[in-house]
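Below you'll find the structure, written out as structure tokens, and then a few comments.
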Amino acid sequence: MDKKIAPTLVNSSVGRDGEFWYDTTRLTEQQLREQRVWSRPNLPDMTANGYFLIRPISEQLRNRIEQLHESGDTNALQLMRNMEQSNGYAKVSDLCQSPEDEHALADLMSRNVLKRSGDWVYDPLRLGSETMQEIARQEQLIPLRQEVTQHLESQSGKTALQTDLREKFGKDILNDMLVSGLIMSFTIAIEKHPLTSWVRLRESNHREAEQAARDTLKQIAEEARAHEEAQWLALLGECGDVVREDAREGKTGRMQVISRTYTIANAAKKLGVREHTLEDAIREDVITPVIDPERTPRVPAYKVEMALTDPEYHEQITAYETLTARDISIVCDVTYPTVRRRLQRVGIKRAPPRWGEIRGKWTLPDTLAEFYTIRKQKLDEWRAERDAERLEQERQIVEQRRQEREQRDALRARLVAAFPTWQHIGRSDQRIHLHVGPPNSGKTHEALNALAEAESGWYLAPLRLLAYEIFDRMNQRGVRCNLLTGEEYIPVEGATITAATVEMFDPTRSGECVIIDEAQLLADPDRGWAWTRAMMEALAPNIHIIGPQTAKGLIQHLAGAAAVPVTVIEHERLAPIQVAEKHWPLAELPPRTILV
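This note's numbering numbers the first residue of the sequence shown as 258 and each following residue consecutively.
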């Protein structure tokens with residue numbers, strides 16, 4: 258809207274001050290600032306091109322006067338002349354001096370020439386409804402403003418605490434006077450006193466106001482200290498003459514009261530009960546505290562000493578101590594379910610029992626102090642037994658580890674005797690990759706990929722046919738591979754990988770990767786030596802061992818004896834296997850069928 262209106266205002270009689278537009282022929286800048294306090298104007302409706310939808314106000318005013326002259330109603334004309342002499346509004350009582358005036362006003366209002374808002378009448382061509390509401394509100398505030406002003410003028414430095422003014426006159430009038438600039442706010446802080454907000458009259462001297470505020474705060478602080486000291490001293494009669502053992506009687510009333518009393522927490526600790534126990538006893542008027550000026554309940558020291566020297570009185574307090582079924586079972590030396598059944602028999606089903614409800618029952622002692630003493634003794638015994646058991650378990654673990662080390666050392670000694678070359682320089686850099694899983698789970702495929710990437714090494718199998726299958730597969734995929742079995746040797750030019758039966762393996766030429774298939778044959782009484790030799794004497798940094806889950810433990814045991822780290826790779830079957838539901842003639846078998 259600004260972009261559409263602004264170009265038309267150049268060299269015109271329309272001025273602007275912030276968000277306000279005004280007629281420079283009718284208002285000065287000073288008048289505008291004064292009216293901004295109470296006016297709430299808005300622009301008339303206009304088109305998208307910036308044209309107003311209604312006629313100018315000046316034209317409407319002329320037309321209205323002409324119509325009133327034509328009507329010949331002299332009373333109405335006089336009322337409108339009176340309104341023209343005002344700021345666009347007047348009180349009904351000031352405007353109407355006779356019944357004829359009232360009749361004329363009613364007629365003007367029925368034709369919307371004038372409008373009414375409460376006790377006020379206003380000209381809708383000069384003032385909007387929101388502006389009139391604000392004017393009415395401002396008029397109502399005038400007496401309150403005068404009261405606030407008179408109150409501040411009567412104060413030293415013409416200033417007062419903002420909280421006091423808000424409480425006395427209300428926040429609305431205070432905010433109004435602050436916004437309108439009739440009063441000013443400032444803050445003052447003195448030693449040991451929080452920051453406070455003050456209000457002074459606009460025309461007052463700010464230095465005098467601040468000094469008066471400081472003097473008032475000091476006086477308030479002194480009065481508060483004197484009042485508080487009087488409150489503390491008034492409590493001394495209820496606190497008695499007994500001073501706590503750990504306290505020193507001071508000079509002030511506060512120090513004297515504190516030296517003669519305990520907080521609830523400290524009193525409970527002194528009496529050997531929980532804090533909530535003492536609070537329950539206080540609620541039942543078994544022991545009466547005093548409430549200090551800081552609203553803290555305190556137990557007189559003489560009452561605490563009385564409870565400690567009078568067992569009967571002490572038990573009246575301890576009767577409210579809640580116990581657990583677990584603690585009762587420890588003291589009675591019975592099981593937890595037994596205690597729960599006993600509690601149910603005496604009507605205690607869900608809530609925790611209080612000492613006063615079970616005192617002396619089921620071999621329990623007569624005092625709470627004895628109960629806790631027995632509980633502590635039995636818990637100490639239990640902890641001692643537990644610690645002894647833990648020490649014995651630790652001793653057994655240490656002994657077991659010692660025996661395992663001896664077994665590993667013995668196994669290493671046997672391995673050295675059986676395989677003299679098992680321990681070599683590259684052993685610390687070796688790692689075993691153990692592939693375990695059912696048939697057709699991708700174990701061999703993954704191991705062969707590692708062998709192809711290594712570019713040198715061995716694939717070791719129990720059967721010539723299996724070695725030949727890998728020989729053929731590797732060459733078909735472009736990885737040059739030799740074949741070496743007990744029956745034949747097929748060299749391939751440039752090949753650094755050999756597929757062989759396990760007995761033909763040469764550990765001294767292991768290469769970078771060795772695959773040992775069908776590792777469960779480690780346990781075979783006739784041929785197991787060949788798998789063991791391949792595993793223990795291979796020099797390759799990466800050894801891939803393939804086998805079922807049943808071989809996992811044996812391989813891990815041997816690898817542990819040789820101090821070779823093992824990574825176990827679990828494989829799942831790639832395709833399901835199930836028993837055929839019918840017999841299949843050979844002529845009807847579908848392609849790629851495997852018969853087992």
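Think of the CB as a built atom: it goes at the ideal place given N, C-alpha and C, for glycine as much as any other residue. Here the structure is a predicted model, which means the values were calculated and not measured.
Among the bridge pairs identified by DSSP, M512 is matched with none. In the structure shown, E562 adopts helical secondary structure according to DSSP, grouped into three states. Put simply, the backbone Cα of K606 is about 23 Å away from that of E541. Contact annotation: L362 and L352 have beta-carbon atoms nearer than 8 Å. When DSSP states are grouped into helix, strand and coil, D380 belongs to the coil group.
Using a Cβ distance threshold of 8 Å, I430 and R471 do not count as a contacting pair. P557 is bridged by DSSP to T518. Per the DSSP secondary-structure output, K425 pairs with nothing in a beta bridge. Of the other Cβ atoms in all chains shown, fewer than 16 fall within 10 Å of the Cβ of A820; this residue is therefore exposed. For C770, the enclosing beta strand (DSSP E) has its first and last residue at C770 to I773. Counting only residues of its own chain and dropping the five nearest sequence neighbours on each side, F426 has a CB closer than 7 Å to the CB of L401, E404 and V405. Taking each of A718, R766 and S767 in turn and checking the Cα distance to G743, the smallest one comes out for A718. Under DSSP, W455 takes part in a beta bridge, and its partners are L418 and F443.
The residues I521, P546 and I548, in chain order, have a CB closer than 7 Å to that of P554 in the same chain once the five nearest residues on each side in sequence are set aside. Taking A832 as the centre and dropping the five residues before and after it, the same chain places the C-beta of N697 closer than 7 Å to its C-beta, in chain order. For E710, the closest of Q687, D783 and G768 by C-alpha to C-alpha distance is G768. Using a Cβ-Cβ distance cut-off of 8 Å, the segment 407–417 and the segment 455–474 are in contact, since at least three pairs of beta carbons, one from each stretch, lie closer than that value. A check of alpha carbon separations from I803 across L779, Q835, S411 and Q653 identifies L779 as the nearest. In the three-state reduction of the DSSP assignment, N739 falls in the strand class.
Taking the C-beta atoms as reference points, K635 is found nearer than 8 Å to I587. Distance from the CA of T509 to the CA of A538, rounded to the nearest whole angstrom, comes to 30 Å.
Look at L796 here: in three-state DSSP terms it is coil, with no helix or strand label.
DSSP places D274 within a strand segment (E or B) once states are collapsed to three.
Boundaries of the alpha helix (DSSP H) harbouring H702: K700 to A711, taken from the DSSP string. Between the beta-carbon of V836 and that of L691 there is about 30 Å, and that puts the pair past the 8 Å contact cut. Distance from the CA atom of Y577 to the CA atom of L492, rounded to whole angstroms, is 28 Å.
Around the C-beta of Q287, fewer than 16 other C-beta atoms lie within 10 Å, and the residue is accordingly described as exposed. Excluding residues up to 5 positions away in sequence, A393 lie with their Cβ nearer than 7 Å to the Cβ of G375 in the same chain.
Secondary-structure assignment with DSSP links Y725 through no beta bridge to anything.
Annotated as distal: A724 and A704, with beta-carbon spacing of 8 Å or more. Taking the Cα of C589 as reference, the smallest distance to any Cα among T620, R602 and W612 is reached at T620.
For R597, the enclosing alpha helix (DSSP H) starts and ends at Y593 to R602.
Going by beta carbons, I773 and W788 fall inside the 8 Å limit.
Rounded to whole angstroms, the separation of the alpha carbons of R602 and E562 is 37 Å.
For R394, the enclosing alpha helix (DSSP H) starts and ends at S386 to E410. Annotation for R383: G345 place their beta carbon closer than 6 Å to its own, counting only its chain and skipping 5 residues before and after.
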